[in-house]
Amino acid sequence: MLISSVISAKAARGLVLFDLDNTLLDRDVAFAKWALLFINIHDLDHDAWTVIESADEEGMRPRDQFFNLLRTSLSIRASTDELLDAYRDDYPRCYTVCDETADAVRRLRDAGWKVGVVTNGPPSQLFNIDATNLAGEFDVICVSSIVGSRKAERRIFEEAAKICKVPLNGWMVGDSPHADIEGGRAAGLATIWMARGRDWDGSTLARPDAEVETIVEAVSRILDHQDE
């Protein structure tokens with residue numbers, strides 16, 4: 001259901017949870033890199049990117065449906081199973097993570113926080129984070145399709161706290177106004193929104209407790225707040 005590290009017997013300050021795509025990892029960059037590889041392998045015109053991007057639905061379309069649609073729209077001869085097998089090999093390799101992000105997560109754990117990932121998506125999310133060697137930096141990783149609950153539902157946050165053996169108290173950091181910010185707040189967590197150059201677009205929602213551009217900035221906000 002998750003990957004967890006050894007949990008310290010020392011009482012934790014609380015729990016800090018991170019979203020995965022476009023928070024810890026830059027999914028937009030990774031997907032664009034994979035799409036270019038896919039276009040070259042199948043000798044497609046570069047305007048096929050528009051079809052691929054639309055079919056992806058920001059990662060929300062199940063991958064079997066995604067590749068069925070691409071086969072039809074782009075006249076690809078390979079079977080869906082063949083495309084899926086290649087995707088599982090190629091796509092995780094398109095992810096990278098900067099040293100500063102890993103160092104920031106370590107700072108939280110060194111300061112006594114339990115740190116986890118809560119992400120919506122298929123089980124392959126585990127492969128994406130594992131490919132960056134980030135998995136070992138977290139006390140828990142919960143993926144919605146495995147846990148059986150999606151953000152913004154409360155249960156996925158509760159599951160993370162349960163595995164870490166701490167109360168559901170602390171912070172949620174993510175880029176989605178609804179799934180991460182509204183969901184985190186409803187679960188009783190303070191919230192930090194990864195703006196990524198955007199203006200707040202959750203017009204009907206209460207604003208997060210903080211807005212940042214990087215994980216390093218988010219961690220600094222949390223550590224500064226704990227000392228107040």
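Numbering (my numbering), first residue to last: 1 to 228.
Glycine residues also receive a C-beta, built at the ideal position from the N, C-alpha and C atoms.
Here the region 76 to 93 does not lie against the region 103 to 123, with fewer than 3 beta-carbon pairs under 8 angstroms apart. For K114, the three-state secondary structure derived from DSSP is strand. Counting only the Cα atoms, T191 lies some 5 angstroms from D209. With 16 or more other CB atoms across the displayed protein chains lying within 10 angstroms of its CB, V115 is buried.
Among the bridge pairs identified by DSSP, D21 is matched with L25. Within the region 17 to 83, the complete alpha helix (DSSP H) segments of 4 residues or longer fall at 27 to 41, 48 to 56 and 63 to 74, listed in chain order.
Looking at the DSSP output, G174 shares a beta bridge with W193. Note that the C-beta distance between V219 and F157 is not below 8 angstroms.
Pairing G59 with R27 gives a Cβ-Cβ distance under 8 angstroms. Here the alpha carbon of L24 sits roughly 33 angstroms from the alpha carbon of I76. Contact between the region 177 to 187 and the region 149 to 156 is present: 3 or more CB-CB pairs across the two stretches fall below 8 angstroms. Going by beta carbons, L17 and A160 fall inside the 8 angstroms limit. For I141, the enclosing beta strand (DSSP E) has its first and last residue at V140 to V143. T119 is bridged by DSSP to V143.
DSSP, read as helix, strand or coil, puts A12 in coil. The beta carbon of R196 sits closer than 8 angstroms to the beta carbons of N22, D175 and E213 from its chain, once the five residues preceding and following it are set aside; these are given in chain order.
Here DSSP, grouped into helix, strand and coil, assigns V212 to strand. Nearest C-alpha to P62 among P123, L15 and A206: P123. If the five residues before and after I181 are omitted, its C-beta is found closer than 6 angstroms to the C-beta atoms of T191, W193 and P208, all from its own chain and listed in chain order.
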